[in-house]
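Shown next, in structure tokens, is the structure this report addresses.
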Amino acid sequence: MSVDLTTRYLGLDLQHPLVASSSPLSKNLDGIRRLEDGGASAVVLFSLFEERIRQEEAAQHRLTQVGSESFGEALSYFPAVEGGVGPHAYLELLRKAREAVDVPVIASLNGVTPAGWTDYARSMEEAGADAVELNVFYIPSESGVSGREVEARYVEIVERVRKAVSIPLAVKVGPYFSSMGEMAERFVEAGADGLVLFNRFYQPDLDLDALEIRPDLELSTAGEIRLPLLWIALLRGRLSAGLAATTGVEGGREAAKYLLAGADAVMATSALLRHGPERMGDMVSELEEWMAGKGYASVEEMRGAMSREKAPDPAAFERANYLKALEEYRSPWGPA
Ligand SMILES: Cc1cc2nc3c(=O)[nH]c(=O)nc-3n(C[C@H](O)[C@H](O)[C@H](O)COP(=O)(O)O)c2cc1C
């Protein structure tokens with residue numbers, strides 16, 4: 001049985017739903033080519049960070065206006081972190097990538113303040129990006145900031161980037177809003193053409209020997225798909241925007257689950273960092289095999305078939321099922 005894997009995400013026609021999400025694998029041209037050769041239907045570049053934009057702007061400013069402190073305030077907002085890729089090198093790589101590969105190249109912009117850096121989205125468009133993915137990752141660690149203020153900041157950043165570009169815009173956020181459904185609607189109203197669910201929240205560990213904070217990243221496991229899976233299933237059909245799933249895609253099975261829940265595209269990073277970009281091709285084959293086995297002729301046919309809107313038992317996504325799951329849980333240690 002032949003299976004039609006094509007899908008549409010952010011107005012882009014993709015050969016299949018498996019997209020390489022933002023990661024160090026796209027940090028140079030060779031890596032981007034390997035992602036395409038490995039089988040990714042689109043590549044999201046690693047992020048250009050607001051901090052790097054400010055650093056480069058400040059350095060340029062110092063060159064022209066030695067002695068001026070007008071950038072002092074802006075710079076003191078962020079802790080100094082050396083290294084990283086600045087906007088100049090990023091845009092150069094983006095230009096070259098656009099020429100080097102055939103698949104869509106999505107630029108990624110990552111920041112937290114509603115300020116001038118958002119205009120860099122326009123430079124990304126000019127450099128040839130097929131779309132921009134905006135990653136907002138704000139930890140309101142100071143007390144006294146209300147939830148509504150945090151939400152307003154996210155929305156304002158989306159609005160600013162929307163104003164800067166005419167290419168499609170995706171918004172990648174974490175799951176920790178009081179009302180994820182309302183926020184999703186507000187992001188779409190602010191101009192998002194797609195939502196990428198979910199950003200994995202930065203959670204440092206403590207090193208008990210060195211008594212230090214360990215800022216390292218843990219790669220995900222397939223067990224982590226459940227939170228994005230739930231929200232994609234709940235949001236499918238409720239938004240006039242595409243949905244991309246990110247987190248926990250180890251193989252074709254996770255991709256199948258996300259598509260059944262309602263995703264238009266399914267992204268992977270951890271699996272590619274573990275096994276190499278070539279893993280992408282295996283995932284596509286696994287998905288195709290699973291679909292053929294179940295009699296699905298196309299991604300279109302299966303997409304959202306198990307969303308809340310279409311599921312035979314929508315209550316399975318609700319509190320009633322939570323109660324049932326808790327009450328039916330059995331352990332060998334009892335109660336009998
Ligand atoms: C080492 C590493 C670097 C990442 N860099 C970025 C980044 O620059 N921008 C971004 O939006 N996401 C970044 N991510 C998040 C991934 O794009 C992805 O959303 C996340 O890892 C969950 O997907 P996964 O379970 O397939 O890894 C990074 C993840 C890892 C592990």
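Residue numbering for the sequence shown follows this note's numbering, beginning at 1 and increasing consecutively.
For glycine and all other residues, C-beta sits at the position ideal for the given N, C-alpha and C.
Fair warning: this is a prediction, and the values are worked out from it, not measured in the lab.
Every alpha helix (DSSP H) stretch that sits fully inside the stretch 204–257 and reaches 4 residues is listed by chain position as 226–235. Runs of beta strand (DSSP E) with 3 or more residues, each lying fully within the stretch 102–169, are found at 105–111 and 131–136, listed in chain order. Within the stretch 293–319, the complete alpha helix (DSSP H) runs of at least 4 residues fall at 299–302. Along the stretch 261–285, the alpha helix (DSSP H) occurs as fully enclosed runs of 4 or more residues at 270–275, listed in sequence order. The C-alpha of L206 is placed about 42 Å away from the C-alpha of L12. Excluding sequence positions up to five before and after G111, its CB lies within less than 6 Å of the CB of E50 and W117, all in the same chain and listed in chain order. Between the beta-carbon of E288 and that of V103 there is about 18 Å, and that puts the pair past the 8 Å contact cut.
P215 has its Cβ no nearer than 7 Å to any heavy atom of ligand 1. Inter-residue distance for E125 and R98 is about 11 Å (C-alpha atoms, whole angstroms). A residue is called buried when at least 16 other Cβ atoms come within 10 angstroms of its Cβ; T6 does not meet this threshold and is exposed. In the three-state scheme derived from DSSP, where H, G and I count as helix and E and B as strand, G31 is classed as helix.
Looking at the backbone, the Cα of L219 and that of L272 are separated by about 10 Å. The Cβ atoms of L217 and Y258 lie no closer than 8 Å to each other.
M180 and L45 have their alpha carbons spaced roughly 26 Å apart. Of the residues G84, R238 and M306, the one whose Cα lies closest to the Cα of Q55 is G84.
By the criterion of at least three beta-carbon pairs nearer than 8 Å, the stretch 230–250 is in contact with the stretch 262–271.
Look at K27: its beta carbon is at least 7 Å from all of the heavy atoms in ligand 1. Here A336 is exposed, its C-beta having fewer than 16 other C-beta atoms within 10 Å.
The beta carbon of T246 sits closer than 7 Å to at least one heavy atom of ligand 1. 8 Å or more divides the Cβ of G191 from the Cβ of E156. Counting C-beta atoms within 10 angstroms of its own C-beta, N199 has 16 or more neighbours from the protein chains shown and is therefore classed as buried.
Non-local beta-carbon contacts of K27 in its own chain, meaning distances under 7 Å to residues more than five positions away in sequence, involve F46 in chain order.
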